[in-house]
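Below: the structure, in structure tokens.
Numbering (full-length UniProt numbering), first residue to last: 1 to 271.
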């Protein structure tokens, strides 16, 4: 007699239903895990790729200061010409002892001193400017301006007025006169007398950091062929980083006089 399993089975559920449910659960769990992994790893990657904040810096790094900027520093210069930086700043007095001159060079109508104390900047007109802020520098400038400064001689020499003459009403008048001479409206003075001057010495009238005054002593042959000794007073001021001529008037740069026998310091191209 055959036996038959009479165990009750739920109706409507196939035999594979449980296995399918388990498989579905595994798939859902797997997708969830992948999504979580993607979320965290992508965020980390974005954080690492994001630019650092401008204010963030490595520990110990120095913060930028005004001295590390790329803007050029503004330096207040005490000189008018770059070459003056190489001149001597020896402040030895020249009142009783003449400074050494390396060379006497042609300039203007005569020869002028060139040394470690000045004359380092040669103008197109041959006038030399650029002097040290010392007694010797002032003396060099005086000896140069006395025989080589003449803005009336040519258009090339016209800028010498501003380069070598102190600012003021006298400079304006001298400039106007120089222009009239260049234009042929006014007659210039005879410059041949300057070419015959021979510097033999000087007298220091006064000196301080702002101004100086010298009497330059010259010998010259006059029109009659006789030797004579003359003096020229040259006044200077320190202006815009260089020694400049302080003109005697709106008509003359310097004043001249006959030598009266005063003691002087010997100095010149032939001394």
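Note that beta-carbon positions come from the ideal geometry of N, C-alpha and C, so glycine has one too.
Would you call residue i buried or exposed, if buried means 16 or more other Cβ atoms sit within 10 Å of its Cβ?
i           : result
residue 247 : buried
residue 152 : buried
residue 258 : exposed
residue 165 : buried
residue 110 : buried
residue 249 : exposed
residue 84  : buried
residue 42  : Summary for residue 42: the model assigns pLDDT 46, below 50, so the residue's position carries little reliability, and this model does not support an answer.
residue 87  : buried
residue 201 : buried
residue 199 : buried
residue 100 : exposed
residue 184 : exposed
Have a look at the options and flag the residue whose alpha-carbon is nearest the alpha-carbon of residue i.
i           : options               : result
residue 213 : 138, 100 and 81       : 138
residue 251 : 110, 174 and 150      : 174
residue 126 : 133, 142 and 108      : 108
residue 262 : 182, 101, 113 and 217 : 217
residue 157 : 122, 193 and 269      : 122
residue 211 : 231, 236 and 199      : 236
residue 179 : 193, 194, 160 and 78  : 160
residue 229 : 193, 115, 95 and 189  : 193
residue 149 : 191, 221 and 183      : 191
residue 163 : 202, 101 and 128      : 128
residue 171 : 254, 270, 269 and 271 : 254
Could one say the Cβ of residue i lies closer than 8 Å to chain D's Cβ atoms, at least one of them?
i           : result
residue 108 : No chain D appears in the structure shown, which is made up of a single protein chain.
Per DSSP, what kind of secondary structure is residue i in: helix, strand or coil?
i           : result
residue 218 : strand
residue 92  : coil
residue 158 : coil
residue 198 : strand
residue 109 : coil
residue 135 : helix
residue 260 : coil
residue 227 : strand
residue 175 : helix
residue 142 : helix
residue 148 : helix
residue 85  : helix
residue 271 : coil
residue 79  : coil
In terms of DSSP beta bridges, what is residue i paired with?
i           : result
residue 114 : 103
residue 203 : 215
residue 255 : 233
residue 245 : 165 and 236
residue 265 : 202
residue 122 : 128
May I ask whether a heavy atom of the ligand PLP can be found less than 7 Å away from the beta carbon of residue i?
i           : result
residue 242 : In the structure on display, the ligand PLP does not appear, and there are no ligands present to speak of.
Could you give the C-beta distance for residue i and residue j, rounded to a whole number, given that I count them as a contact under 8 Å?
i           : j           : result
residue 197 : residue 265 : At roughly 17 Å, the Cβ-Cβ gap does not stay under 8 Å, so residue 197 and residue 265 are not in contact.
residue 231 : residue 245 : 16 Å between Cβ atoms; not a contact.
residue 91  : residue 155 : About 38 Å separates the two Cβ atoms, so there is no contact after all.
residue 105 : residue 117 : With 8 Å as the limit, residue 105 and residue 117 do not qualify as a contact, their Cβ atoms being about 14 Å apart.
residue 78  : residue 241 : 6 Å
residue 95  : residue 204 : 5 Å
residue 98  : residue 267 : 4 Å
residue 112 : residue 143 : 6 Å
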